[in-house]
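One structure below.
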């Protein structure tokens with residue numbers, strides 16, 4: 001199944017409290033439960049003004065629907081075509 005990286009522009013994301021991040025996560029998980037098992041949240045990276053999320057889904061439209069239902073921005077959605085790490089150099 002395809003994997004996607006979603007860029008979410010959220011001013012001040014890096015300053016969100018643990019409780020705020022928990023609330024955002026709970027909202028996301030609630031939407032995922034309602035949408036069914038085809039879409040899965042893998043993890044997210046929080047930076048200064050953005051959150052980068054990694055999702056597994058059958059298509060980009062499902063990722064966009066998750067964002068819409070959760071009230072989250074999805075400023076950019078890119079399908080992952082490969083993964084590299086230091087072992088790639090070996």
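In full-length UniProt numbering, the protein residues as written are 1 to 90. Cβ atoms here follow ideal geometry from the backbone N, Cα and C, with glycine treated the same way. Nothing here was measured: the structure is a model prediction, and the numbers come from that model.
Could you name the residues of the same chain whose beta carbon sits closer than 8 Å to that of residue i, not counting the 5 residues immediately before and after it, in chain order?
i: residue 63; result: 4, 6, 39, 55, 57, 74, 77
i: residue 11; result: 49
i: residue 35; result: 62, 65, 66, 69
Report buried or exposed for residue i, applying the criterion of at least 16 other Cβ atoms within 10 angstroms of its Cβ.
i: residue 8; result: buried
i: residue 13; result: buried
i: residue 28; result: buried
i: residue 84; result: exposed
i: residue 67; result: buried
Quick check on the DSSP output: the beta strand (DSSP E) that includes residue i runs from which residue to which?
i: residue 90; result: No beta strand (DSSP E) holds residue 90; DSSP gives it neither H nor E.
i: residue 5; result: 3-9
Output needed for residue i: all residues of its chain with C-beta closer than 7 Å, excluding positions within five of it in sequence on either side, in chain order.
i: residue 80; result: 3, 4, 5
Enumerate in chain order the residues of its own chain whose CB-to-CB distance from residue i is below 6 Å, with the five nearest sequence positions on each side excluded.
i: residue 70; result: 27, 28, 31
What residue ranges within the segment 16-61 form continuous alpha helix (DSSP H) runs of no fewer than 4 residues, ordered along the chain?
-> 18-35
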